[in-house]
């Protein structure tokens, strides 16, 4: 407790001076009118135009993302089909090798061992 009060009294050691209420309330803004800040029609129109432009750019980017996503889906689907074709061909080759081993290599090995 004594350390806390000591730190409060000595700002160089870590105490903070808190702003007074008058510093918190005062600002550099002009005083607000009855309805708050009033924007001119010209400023509002330019903001509306800027918002329309940003929406158009956003929609364009979203459409670009959709097209990219669709093309990625096509690529993945094609790759999956290619992998299935490769798997089937690999299975046929494996079966052919097994048949060759059983019906050609084994009898040949037996035949050569008899000679």
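In the working numbering, the protein residues as written are 475 to 589. Where a beta carbon is used, it is the ideal one built from N, C-alpha and C, also for glycine.
Pairwise C-alpha distance: residue 570 and residue 555: 23 Å
Cα-Cα separation between residue 568 and residue 546, rounded to whole angstroms: 32 Å
Simplified DSSP assignment, three categories, for residue 588: helix
Distance between residue 572 and residue 580 (C-alpha atoms, nearest Å): 11 Å
Three-state class that DSSP yields for residue 512 in the structure shown: coil
Nearest-angstrom Cα separation, counted from residue 574 out to residue 589: 22 Å
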